[in-house]
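Notes for the one structure printed next.
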Amino acid sequence: MLDRRAASAHIAVMDKINLTDAEWRERLSPDSYHVLREGGTERAFTGKLNSNKADGVYYCAGCGAELFDAEEKYDSGSGWPSFTAPVDIDAVEEIRDTSHGMIRTEVRCAKCEGHLGHVFPDGPGVNGLRYCMNSASLDFKPRDGDA
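Structural data, given as structure tokens:
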């Protein structure tokens, strides 16, 4: 289990956003709803942000919370946008996931609890983590007018 949030869990709880299923469906595209609210996964190499190399910030497509900085993004070859770390450990929640006959660590947005992807202990960063995210769960905003 990669959960390192236990000591500061109260911070994320204070800023939670709770919407009804109908409100989420109205707010999100069908693909984003499937990933964020139903825990779905887009097919590898199909996400709009997998090949994005622009400088900027990645936000939750559900609630707009700041999640990842482009400086932490790298090409893992997995087919999904991959990051070495979130902008702040309190920006995400990590939950044990035993679905599909595997033991993994699911990553959710701490603000809206939307499913983002999974984190694996095979990344290149100083922590050795790979945050493997779905493009449908993210919005990207370029920094300094980059595209």
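Take the sequence shown: its position 15, counted from the start at 1, is 15 in the UniProt record's numbering, and no numbers get skipped. A virtual CB, placed ideally from N, CA and C, is assigned to each residue, including glycine.
Exercise. Are the beta-carbon atoms of A82 and R43 separated by less than 9 Å?
Worked result: Reading off the sequence shown, one finds Ser at residue 82, where the question assumed Ala. Not a contact, by the Cβ cut-off of 9 Å.
For this session: With R108 as the anchor, note down where its beta strand (DSSP E) starts and where it stops.
Result: R104 to C109
Problem set entry | K42 - DSSP class collapsed to helix/strand/coil | One detail in the question is off: residue 42 reads as Glu in this sequence, not Lys. The answer is coil: DSSP assigns E42 none of H, G, I, E or B.
For this session: Confirm, please, whether the CB-CB distance from E71 to E93 is below 9 Å.
Result: no
Exercise. What's the gap between the Cα of D21 and the Cα of D90?
Worked result: 25 Å
For this session: Measure from the alpha carbon of D144 to the alpha carbon of each residue in K16, V57 and A110, then state which is nearest.
Result: V57
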